[in-house]
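Taking it in order: structure first as structure tokens, then the write-up.
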Ligand code: MOS
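In the numbering used here, the protein residues as written are 653 to 1411.
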């Protein structure tokens, strides 16, 4: 059957779940109706380091309606601790008397009502033996662990020490050089939907309703924690109210709520508080970074050295190691990197939208801006001089790289040519005006996946897969792919996601899901078309009897050929044996055949853009931003942003635009607003609420112009699809900070950039 997969995409399509979402019909995990639930409330630690020495539960138990109180003393040996975001050890909660961090779960109170549970949780008295806590960098007692290699499985360039010596030598010899340090703060995702868990047992079978970016991961990891067969666990999360990485890996709470429900013989529902969300889930770690760049007088980089330090918990060595990204951006002949984990008395950090790139690209792209001033060169021209079509680390070609076309289109629309290069030279009334720019990029990842698709004689199709709708538009991209592959209207396709009873799909992280889901859906649809065509050519009553099945197409709800013959699906589908249902699996090129079994086990392999053997696959983009800084108060505004991205085939321009725009807004937030404040003495979170943890509101989100630069990438994957969930935020913090420097002449190397730092 003739079929051009790339013709599937590019038509703006409203979200198919939009009406359900705005009318409240969409069921988020804690909205799922369960019979006669009891309610859980968490008791969390008020110290960051030490041990629990005892509980006084008498006042809590006296609250009417209290049913059970779980502590390490009563149930501590019944659950295995979850693994951290890197698959290694992490902090435990009720499993022992140890307190690893502020806000750690130390008891779960279950009661007849939400109110009783909350009241009783407040009356649990915990005695502790506190020890001096190390909050962050520079605190006594932190342990620094030097990591020379990057993320597991990713290539590093040879021997780090040799590279460092070569970088030192090139740096010493260069006519223009820059040696600077940057810092980024901890940040919390604060998705609107809280970190809820509802557990229901039916005999040996457990159903977990919990917002998750990985249904099969939640299923298998919960089973492992409870010591039961994964076949007995079902995880359901049909819609997720924001995740951004915070709902990507298992936390302790799931197994504890499951145990509570089992002890009680009744469903238990947990809706933790906003404040608890700051300590019971992961967050973006704070970093310190050292960047050294050297260049020739005409701007060609002669060396780059980038070292990072990241705070983690005591037991976890989770790190983002963003030097794996920054070392691939520019054609420096010598590149050396290093990463260190700093263990403190803190919760384990984890993934947060472009985990590696947001902090590390801030440092690199700030440094490039600083270098442009040292060279007296336009910052976009500096990027052009150092652009490359080959990965500077591996030497492999990029599958495609339209970094400079992105800059050119963004700069043109922005009016970059009107920029006076001199800092603090542009002014409008009382406001200092600054223009700044930065590169953006993100690797293209794709994983194995499975799907089940059925096509009815009515021309309606059903697509079922355990993929994830985090607000990204996943229902719609899956529907578009199936509809256009089967020659149907999008409205004729019903999509079921977010349920581990459906065929597995990897974690919705690393911007892989668009590529992952579309490829397997296309494969299943090809099977459907093939079966229809073969049945038709074999049937005497078909107009296509004895035709070559390869000449048939599926379009407009009918089987057709180029001569204008057609047969409706109401005839063609029954011929395949009634209901036409196919199951398909897809393993992307470069992954072993075992990848599917591993996915079913909850441990998906991923083909990562940075560690392929054939090409290096990244999407690229460019941000141009204008800031205004008030000449007296130093209030900072961002009136406009123009960002251009080249990310392969755009599946749905409507939701893609929202993804890019959301990334840009979060970039503004990351640059100017967000920081989790940690008390340096107690190592506790100070601003665990949305009044003090500042996020942007509409007035902070200016005119944002998104340009989608057309890109045809035949090498990234068969459909030419690159993920776009994360690239929008990457580099925005640097673009804004660079614009603030241009406006004021003051360089802020520590995020967030706030008025007080400019006074
Ligand atoms: Mo994203 S931080 O890869 O969920």
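C-beta atoms are modelled at their ideal positions from N, C-alpha and C, and glycine is treated no differently.
It should be emphasised that the depicted structure is a prediction, and the values quoted were computed from it without experimental measurement.
Exercise. Could you tell me if the beta carbon of residue 863 falls within a distance shorter than 7 Å of some heavy atom in the ligand MOS?
Key: In this structure, the ligand MOS has no non-hydrogen atom nearer than 7 Å to the beta-carbon of residue 863.
Check: Cβ of residue 1260 versus every heavy atom of the ligand MOS: is any distance shorter than 7 Å?
Finding: No, since every heavy atom of the ligand MOS falls outside the 7 Å radius drawn around the Cβ of residue 1260.
* **For residue 1177: DSSP bridge partner residues** => Note: residue 1177 sits in no beta bridge, so no partner.
(request) Evaluate residue 1235 with the Cβ neighbour count: other Cβ atoms within 10 Å of its Cβ, from every protein chain shown; 16 or more gives buried, anything less gives exposed. (result) Around the beta carbon of residue 1235, a 10 Å sphere encloses fewer than 16 other beta carbons of the protein chains shown; the residue is thus reported as exposed.
- Taking contact to mean at least 3 C-beta pairs separated by less than 8 Å, is the region 887-897 in contact with the region 996-1016? Short answer: they touch.
Quiz item: Shortest alpha-carbon distance to residue 1368 belongs to which of 1288, 983, 679, 1164?
Solution: The shortest CA-to-CA distance from residue 1368 to any of 1288, 983, 679, 1164 is the one to 1164.
| said: Quick check: is any heavy atom of the ligand MOS less than 7 Å from the C-beta of residue 1273? | reply: Because no heavy atom of the ligand MOS lies under 7 Å away, the Cβ of residue 1273 does not count as near it: no.
Margin query: So for residue 1060, helix, strand or coil by DSSP?
Written below: Looking at residue 1060 - three-state DSSP - the assignment turns out to be helix.
#### Entry: Near the ligand MOS: residue 1004 beta-carbon under 7 Å from a heavy atom
Yes.
Cross-strand partners of residue 1300 (DSSP beta bridge): 1373, per the DSSP bridge assignment.
Quick one: residues in its chain with C-beta nearer than 7 Å to the C-beta of residue 1180, no 5 flanking neighbours on either side, listed in chain order? So the qualifying residues of the chain are 1105, 1107, 1138, 1232, 1234.
| Counted within 10 angstroms of its Cβ, other Cβ atoms place residue 1041 as buried (16 or more) or exposed | Residue 1041 comes out exposed.
Does the Cβ-Cβ distance between residue 1274 and residue 1376 come in under 8 Å? At the C-beta level, residue 1274 and residue 1376 stay beyond 8 Å of one another.
Quick one: what does DSSP say residue 708 is sitting in, helix, strand or coil?
The answer is strand: DSSP assigns residue 708 an E or B state.
Short of 8 Å in beta carbon distance, which residues of its chain neighbour residue 953, apart from the five on each side in sequence? Order them along the chain. Counting only Cβ-Cβ distances below 8 Å, and skipping sequence neighbours, we find 945, 946, 947, 982, 983, 984, 985, 1038.
Next item on the list: Mind checking which residues open and close the alpha helix (DSSP H) that includes residue 1210?
Entry: In the DSSP assignment, residue 1210 falls outside any alpha helix (DSSP H) and lies within the beta strand (DSSP E) extending over 1210-1212.
Would DSSP call residue 1395 helix, strand or coil? Correct three-state label for residue 1395: helix.
**Study point:** Given residue 866 as reference, the closest of 1390, 1160, 1208, 1199 once Cα atoms are compared
**Key:** For residue 866, the closest of 1390, 1160, 1208, 1199 by C-alpha to C-alpha distance is 1160.
- Item | Contacts around residue 1213, its chain only, beta-carbon distance under 8 Å, and the 5 residues preceding and following it disregarded | Answer for residue 1213: 1196, 1199, 1203, 1204, 1205, listed in chain order.
task: Determine which residues share a DSSP beta bridge with residue 941 and list them.
output: Under DSSP, residue 941 shares a beta bridge with 834, 960.
Discussion item. I need the straight-line Cα distance from residue 763 to residue 851, nearest angstrom please.
Written reply: The C-alpha of residue 851 is placed about 14 Å away from the C-alpha of residue 763.
_Spatial distance of residue 1394 from residue 705 (CA atoms)_ = Approximately 56 Å, taken between the alpha carbons.
Our contact map puts residue 1260 next to residue 1100 with C-beta atoms below 8 Å; I'd like the distance itself, whole angstroms only. No, residue 1260 and residue 1100 are not in contact; Cβ-Cβ is about 13 Å, not under 8 Å.
**Message:** Let's test the definition: count the other Cβ atoms within 10 Å of the Cβ of residue 797 and tell me whether it reaches 16, buried, or not, exposed.
**Reply:** Exposed.
**Report entry** Close-in-space but distant-in-sequence residues of the same chain around residue 1258 (CB under 6 Å, 5 per side omitted)
**Finding:** Taken in chain order, the residues that qualify are 1097, 1099.
Look at the alpha carbon of residue 727 and the alpha carbon of residue 912, and state the distance between them as a whole number of angstroms. Residue 912 has its alpha-carbon roughly 10 Å from the corresponding atom of residue 727.
* Asked: Within this structure, are the beta carbons of residue 1092 and residue 855 separated by less than 8 Å?
  -> No, the Cβ-Cβ distance between residue 1092 and residue 855 is not below 8 Å.
- Where residue 696 falls: helix, strand or coil (DSSP): It is a strand residue.
Handout entry: Check whether residue 1089 and residue 1276 have beta carbons under 8 Å apart
Key = Residue 1089 is a Cβ neighbour of residue 1276, given a cutoff of 8 Å.
Query - Straight-line Cα distance separating residue 1121 from residue 1061 - result: Roughly 31 Å separates the two Cα atoms.
Q.
Pop quiz: residue 681 and residue 672 are said to be a contact at Cβ under 8 Å. What is the actual Cβ separation, rounded to whole angstroms?
A. That belief does not hold up - the Cβ atoms of residue 681 and residue 672 are roughly 15 Å apart, past 8 Å.
Buried versus exposed, by CB contacts within 10 Å (16 or more), residue 918: Buried.
- Item | Separation of residue 1124 from residue 1173, as counted between CA atoms | Roughly 18 Å separates the two Cα atoms.
message = Using the three-state DSSP reduction, which class does residue 1248 fall into: helix, strand or coil?
response = DSSP, read as helix, strand or coil, puts residue 1248 in helix.
Q) Would you call the region 1020-1031 and the region 1110-1117 touching, i.e. three or more CB-CB distances under 8 Å? A) In short, these stretches do not touch, since the Cβ pair count stays below three.
Using a threshold of 7 Å, is the CB atom of residue 900 nearer than that to any non-hydrogen atom of the ligand MOS? True, at least one ligand heavy atom lies under 7 Å from that Cβ.
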